[in-house]
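Going by the numbering used here, the sequence shown wraps up at 276, each residue one higher than the last.
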Amino acid sequence: MKKIIFAMLIIVSNYGLAQNWLTDFEQAKKTASEQDKNIIIVFSGSDWCAPCIKLDKNIWQSEAFKSEAAKEWVLVKANFPRKKANELSKEQTEHNRKLAEKYNIEGSFPLVVILDKNGKLLGKMGFKNVSPEEYIKMIHVLEKK
Numbered sequence: 132m133k134k135i136i137f138a139m140l141i142i143v144s145n146y147g148l149a150q151n152w153l154t155d156f157e158q159a160k161k162t163a164s165e166q167d168k169n170i171i172i173v174f175s176g177s178d179w180c181a182p183c184i185k186l187d188k189n190i191w192q193s194e195a196f197k198s199e200a201a202k203e204w205v206l207v208k209a210n211f212p213r214k215k216a217n218e219l220s221k222e223q224t225e226h227n228r229k230l231a232e233k234y235n236i237e238g239s240f241p242l243v244v245i246l247d248k249n250g251k252l253l254g255k256m257g258f259k260n261v262s263p264e265e266y267i268k269m270i271h272v273l274e275k276k
């Protein structure tokens with residue numbers, strides 16, 4: 132019985148740390164406002180951009196980032212895949228394009244954009260080959276500028 136309870140606790144705690152990457156920026160702003168959190172938008176080419184893939188694997192999937200993100204941020208992924216198998220809906224592609232026109236004029240990939248709960252730009256950065264903890268610190272520095 133104890134093993135079953137322990138297994139259930141592990142499963143529940145893993146769901147608690149699961150990231151909730153939104154794709155709808157308006158929903159993200161609403162959630163950020165309700166929860167008084169900043170927003171992180173990640174512009175990514177998930178199937179063609181090597182630094183994007185590294186950022187996902189090394190930072191976004193780390194337990195340190197998942198834990199911090201759950202407490203601090205509302206996450207938005209604006210993906211721009213190139214492979215037909217990963218193609219997004221026309222609506223999502225258009226939504227991501229409009230988001231890029233506003234926050235990623237440079238067309239940089241990956242680009243991490245930090246906004247306040249109202250959508251005001253706080254800072255931007257790209258891939259950095261650092262630990263998840265160091266990357267989190269760099270995000271917090273941008274939030275305080």
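Backbone N, C-alpha and C fix where the C-beta goes; we use that ideal spot for every residue, glycine too.
CB contact flag (residue i, residue j, <8 Å)
| i | j | result |
| --- | --- | --- |
| isoleucine 172 | lysine 160 | no |
| aspartate 167 | proline 212 | no |
| leucine 206 | phenylalanine 258 | no |
| leucine 253 | leucine 273 | yes |
Residue of the options minimising C-alpha distance to residue i
| i | options | result |
| --- | --- | --- |
| proline 263 | Trp152, Tyr234 and Trp191 | Trp191 |
| tryptophan 152 | Asp167, Glu165, Ser164 and Phe174 | Phe174 |
| glutamate 157 | Met269, Asn217 and His226 | His226 |
| alanine 209 | Ser220, Lys202, Glu203 and Met269 | Ser220 |
Burial state of residue i (16 or more Cβ within 10 Å)
| i | result |
| --- | --- |
| valine 261 | exposed |
| glycine 147 | The predicted position of glycine 147 is uncertain, since its pLDDT is 41 and thus under 50; a value taken from the coordinates is nonetheless stated next. Classification of glycine 147: exposed, given that the 10 Å Cβ count is below 16. |
| asparagine 249 | exposed |
Through-space distance from residue j to residue i, alpha-carbon basis
| i | j | result |
| --- | --- | --- |
| glutamine 223 | valine 244 | 19 Å |
| aspartate 155 | leucine 246 | 15 Å |
| isoleucine 267 | lysine 197 | 10 Å |
| lysine 251 | lysine 215 | 34 Å |
| isoleucine 236 | isoleucine 270 | 20 Å |
| glycine 176 | leucine 242 | 10 Å |
Chain D within 8 Å of residue i, Cβ atoms only
| i | result |
| --- | --- |
| lysine 259 | This model lacks chain D altogether, as it is built from one protein chain only. |
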